[in-house]
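Its first residue numbered 16, the sequence shown is counted upward by one per residue in this note's numbering.
A virtual CB, placed ideally from N, CA and C, is assigned to each residue, including glycine.
Quick caveat: nothing in here was measured; it's all calculated off a predicted structure.
Accompanying notes for the structure given below.
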Amino acid sequence: MIRMSKIQKAAVAILAALLLWTLYGAFGSMTVKEPSYRVVEIQVYSDQIWAVTDGDDQDRGFGLLSNYISGADEGEVKIEMTAPVVTSVADGRPFMAFVIPERFDLEGTPRPRDERVKIELVEGRRMAAVRFSGYATGESQRMNLAILEDALRNGGIEARG
Numbered sequence: 016m017i018r019m020s021k022i023q024k025a026a027v028a029i030l031a032a033l034l035l036w037t038l039y040g041a042f043g044s045m046t047v048k049e050p051s052y053r054v055v056e057i058q059v060y061s062d063q064i065w066a067v068t069d070g071d072d073q074d075r076g077f078g079l080l081s082n083y084i085s086g087a088d089e090g091e092v093k094i095e096m097t098a099p100v101v102t103s104v105a106d107g108r109p110f111m112a113f114v115i116p117e118r119f120d121l122e123g124t125p126r127p128r129d130e131r132v133k134i135e136l137v138e139g140r141r142m143a144a145v146r147f148s149g150y151a152t153g154e155s156q157r158m159n160l161a162i163l164e165d166a167l168r169n170g171g172i173e174a175r176g
């Protein structure tokens, strides 16, 4: 009978573990083919506080909001960045908004020094969303809006806004 030292036993155990890991990588992680699909989410939001700026220039709007959360407010309070950055059109006018972290209430939210940044309370709501990567170009917006509208219609959900 062959006697193995503790070091030899440890080496055999490590080699066995590496072999099992390699086999799992080669055979255990194979995936079953699935049909392609899109995920449409219904997101339920509570009331939120937004820092909002409007205008056609998104770079300027982002800069104003970024300055605000970096301390360009009455108390020079730095506010952590949250997601999503909201870009939309209301009453025919484009706007951009940062969502203020939930630790702030409306009265406790620092007041912006720049009058182009407004603080607004946005009531809770349900939103339908499709996630996609890249920039929101006109083409990608139209394509994803069509996906959303189709999914909502098929699900019997009325879209508003």
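So, with DSSP's three-state summary, where would you put residue i?
i: residue 46; result: coil
i: residue 154; result: helix
i: residue 132; result: coil
i: residue 102; result: strand
i: residue 27; result: helix
i: residue 22; result: helix
i: residue 164; result: helix
Between the alpha carbons of residue i and residue j, how many angstroms are there, rounded?
i: residue 61; j: residue 136; result: 11 Å
i: residue 91; j: residue 147; result: 35 Å
i: residue 162; j: residue 25; result: 56 Å
i: residue 173; j: residue 160; result: 14 Å
i: residue 179; j: residue 69; result: Nothing can be reported for residue 179, as the shown portion of the chain is limited to 16 through 176.
i: residue 103; j: residue 97; result: 17 Å
i: residue 111; j: residue 78; result: 11 Å
i: residue 51; j: residue 166; result: 15 Å
i: residue 156; j: residue 37; result: 43 Å
Which residue from the options puts its Cα closest to that of residue i?
i: residue 120; options: 77, 107 and 138; result: 138
i: residue 101; options: 80, 28 and 166; result: 80
i: residue 144; options: 27, 111, 58 and 46; result: 58
i: residue 82; options: 31, 166, 20 and 128; result: 128
i: residue 150; options: 73, 18 and 130; result: 73
i: residue 176; options: 106, 29 and 50; result: 106
i: residue 140; options: 64, 122 and 108; result: 64
i: residue 99; options: 47, 168, 130 and 142; result: 142
So is residue i buried or exposed if we call it buried at 16+ other beta carbons inside 10 Å?
i: residue 66; result: buried
i: residue 132; result: buried
i: residue 84; result: buried
i: residue 88; result: buried
i: residue 124; result: buried
i: residue 29; result: exposed
Based on the DSSP output, what are the partners of residue i in its beta bridges?
i: residue 110; result: 69 and 103
i: residue 55; result: 145
i: residue 116; result: Paired residue(s): none; residue 116 is not in a bridge.
i: residue 140; result: 60
i: residue 127; result: 88
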